[in-house]
Amino acid sequence: MTQYQLASLLRLCALRSGGALGRFAQVKEEPAKRAGDTEQNVPVLRRLAGLAIALACLFAGAAHALQVTDDRGVTVTLHAAPLRIVSLLPSLTETVCELGQCHRLVGVDRYSNFPASVQKLPQVGGGLDPNIEMIVSLKPDVVLMATSSRAGERLQALGIKVVALEPKRHADVQRVMLKLGQLLEVQDAARIWRAIDAGVSAAAQSLPDHVRGTRVYFEVNQGPYAAGESSFIGETLTRLGVKNIVPANLGPFPKLNPEYIVRANPDLIMIGQRSADGLTARPGWQNIRALREQRVCIFPPDEADMLVRPGPRMAEGARLMAKCLSTKAPGAKP
Numbered sequence: 034m035t036q037y038q039l040a041s042l043l044r045l046c047a048l049r050s051g052g053a054l055g056r057f058a059q060v061k062e063e064p065a066k067r068a069g070d071t072e073q074n075v076p077v078l079r080r081l082a083g084l085a086i087a088l089a090c091l092f093a094g095a096a097h098a099l100q101v102t103d104d105r106g107v108t109v110t111l112h113a114a115p116l117r118i119v120s121l122l123p124s125l126t127e128t129v130c131e132l133g134q135c136h137r138l139v140g141v142d143r144y145s146n147f148p149a150s151v152q153k154l155p156q157v158g159g160g161l162d163p164n165i166e167m168i169v170s171l172k173p174d175v176v177l178m179a180t181s182s183r184a185g186e187r188l189q190a191l192g193i194k195v196v197a198l199e200p201k202r203h204a205d206v207q208r209v210m211l212k213l214g215q216l217l218e219v220q221d222a223a224r225i226w227r228a229i230d231a232g233v234s235a236a237a238q239s240l241p242d243h244v245r246g247t248r249v250y251f252e253v254n255q256g257p258y259a260a261g262e263s264s265f266i267g268e269t270l271t272r273l274g275v276k277n278i279v280p281a282n283l284g285p286f287p288k289l290n291p292e293y294i295v296r297a298n299p300d301l302i303m304i305g306q307r308s309a310d311g312l313t314a315r316p317g318w319q320n321i322r323a324l325r326e327q328r329v330c331i332f333p334p335d336e337a338d339m340l341v342r343p344g345p346r347m348a349e350g351a352r353l354m355a356k357c358l359s360t361k362a363p364g365a366k367p
């Protein structure tokens, strides 16, 4: 290895290490004869130097590698922050964009529709029915998905890195925000989360006293599937100071017997427009106080999507719920 080649290799190492080896890259292209050097041992010394530099490069690259432990308990190692990302969960898509990294997304699931820019990206199916061939064709550095997705093992078998994250509660949203901040090398992730959490608190503080204790039924989907106290929606309702008629012991999003809701007789109902058709025609529901007194908040699809996604728009969701409570809860002024 010539002196010039040594210098070039050192400069390459300096680039890989982010400058950590830069001070060693100042190698003169003309060899400096040291005491004890001979024509016989200089080539050997150069070979040894080349080996040492190669090892330094290796360790410099390893030191810069990123490691993230996902919700499966799997530690995923990447050589650098991913530049090409496929997301198979809307809340993860939104979190990537909230961190200012929308430009790294090269594909999303069919349900990811916010922000509007992601609607222009290739759609690769859903978490339960992903288009593996299409995902592979996008050459992602990493695929983000829910732990419940069926794509993980198949993608990993094809050599694609997978990070599985599934936020379900407020603490999970914070954790996922910080994990993705770590993965994408975004320093502001903690500050962004604090702003979101403060927004939820501000929504709660904005509510008038008459709202406190209102008994609420939040329907997330036909079935009916409800948001229980243990869900992130239930946690938001608790922070807003109201009573969820679906207790935590029934699970985060239980499918309920419609008669249960009739017996619970909520003061107010929150429901998406997609599920609201025929609400009063459900057996016995005409006797529910919320329907008798027209205390129902029906959210259009874009708002309903936001409300049921445990992601960075939680504060906006809390403000929507607070507005509903302020105008529809018993005692509200028309």
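Taking the numbering used here, the leading residue of the sequence shown gets 34, the next gets one more, and so forth.
Positions of the beta carbon are idealized from the N, C-alpha and C atoms, including for glycine.
Here the structure is a predicted model, which means the values were calculated and not measured.
What residue from the options has the CA that sits closest to residue i's CA?
i: threonine 269; options: Ala355, Asn254, Thr360; result: Ala355
i: arginine 322; options: Thr247, Ala309, Pro123; result: Thr247
i: leucine 121; options: Ser181, Leu312, Ile278, Asp338; result: Ser181
i: proline 363; options: Thr126, Leu340, Ile302, Leu289; result: Ile302
i: arginine 342; options: Asn146, Ala197, Val275; result: Asn146
i: valine 157; options: Val176, Ala149, Val329; result: Val176
i: isoleucine 229; options: Thr108, Glu131, Phe286; result: Glu131
i: alanine 179; options: Thr126, Asn298, Gly214; result: Thr126
i: phenylalanine 286; options: Val129, Val253, Val275, Gly311; result: Val253
i: glutamate 326; options: Asn298, Phe332, Gly311, Glu166; result: Asn298
i: glutamine 207; options: Gly350, Ala365, Gly344, Cys357; result: Gly344
i: proline 333; options: Thr110, Gly311, Gly305, His112; result: Gly305
i: glycine 7; options: Ala190, Gln134, Ala309, Val107; result: There is simply no residue 7 to check, as the chain begins at 34 and stops at 367 in what is shown.
i: arginine 296; options: Gly311, Val279, Asp310, Gly350; result: Val279
What does the alpha-carbon distance come out to for the pair residue i and residue j?
i: arginine 245; j: threonine 102; result: 40 Å
i: glutamine 220; j: arginine 307; result: 39 Å
i: alanine 348; j: arginine 227; result: 11 Å
i: alanine 236; j: glutamate 218; result: 30 Å
i: alanine 40; j: proline 155; result: Since pLDDT at alanine 40 reaches only 48, below the 50 mark, its modelled position is unreliable, and the value read off the structure follows with that caveat. Each residue's alpha carbon lies about 44 Å from the other.
i: leucine 324; j: threonine 313; result: 7 Å
i: leucine 211; j: proline 115; result: 16 Å
i: aspartate 300; j: arginine 352; result: 19 Å
i: tyrosine 12; j: valine 209; result: Since the first residue of the chain shown is 34 and the last is 367, residue 12 is not available in this structure.
i: serine 150; j: alanine 184; result: 25 Å
i: aspartate 70; j: isoleucine 193; result: Any reading at aspartate 70 needs caution, since the residue's pLDDT is 49, under 50, leaving its predicted position unreliable; the model's value is listed next. Cα-Cα distance, rounded: 50 Å.
i: valine 233; j: arginine 272; result: 8 Å
i: leucine 289; j: phenylalanine 251; result: 12 Å
i: asparagine 282; j: alanine 98; result: 42 Å
i: asparagine 277; j: phenylalanine 265; result: 12 Å
i: valine 249; j: valine 275; result: 7 Å
i: glycine 284; j: proline 200; result: 15 Å
i: glycine 256; j: histidine 112; result: 45 Å
i: isoleucine 294; j: proline 316; result: 11 Å
i: valine 107; j: valine 196; result: 8 Å
i: threonine 360; j: glutamate 186; result: 48 Å
Using a 10 Å radius around the Cβ and a threshold of 16 neighbouring Cβ atoms, would you call residue i buried or exposed?
i: glycine 261; result: buried
i: aspartate 142; result: buried
i: leucine 138; result: buried
i: histidine 136; result: exposed
i: lysine 61; result: With a pLDDT of 40 at lysine 61, under the threshold of 50, the modelled position of this residue cannot be trusted; read the value that follows with caution. Exposed, by the Cβ-count rule.
i: arginine 224; result: exposed
i: histidine 203; result: buried
i: arginine 346; result: buried
i: leucine 188; result: buried
i: serine 170; result: exposed
i: leucine 161; result: exposed
i: arginine 328; result: buried
i: alanine 190; result: exposed
i: aspartate 335; result: exposed
In the DSSP output, which residue or residues are listed as bridge partners for residue i?
i: methionine 303; result: Phe251, Cys330
i: proline 163; result: Gly158
i: alanine 197; result: Met178
i: glutamine 100; result: Thr110
i: asparagine 277; result: Val249
i: lysine 288; result: Tyr258
i: serine 120; result: Val141, Leu177
Can you tell me whether residue i is helix, strand or coil according to DSSP?
i: tyrosine 293; result: helix
i: leucine 132; result: coil
i: glycine 140; result: strand
i: glutamine 319; result: helix
i: serine 150; result: helix
i: alanine 236; result: helix
i: glutamate 218; result: coil
i: serine 263; result: coil
i: proline 64; result: In this predicted model, proline 64 has a pLDDT of only 43, less than 50, meaning its place in the structure is not dependable; the value taken from the coordinates is given anyway. Proline 64: coil per DSSP, three-state reduction.
i: lysine 212; result: helix
i: asparagine 298; result: coil
i: glycine 344; result: coil
i: aspartate 230; result: helix
i: leucine 188; result: helix
i: lysine 356; result: helix
i: aspartate 335; result: helix
i: alanine 362; result: coil
Relative to the ligand MN, is the shortest distance from any of its heavy atoms to the C-beta of residue i smaller than 7 Å?
i: lysine 194; result: In the structure shown, the ligand MN is absent, as is every other ligand, since no ligand is present at all.
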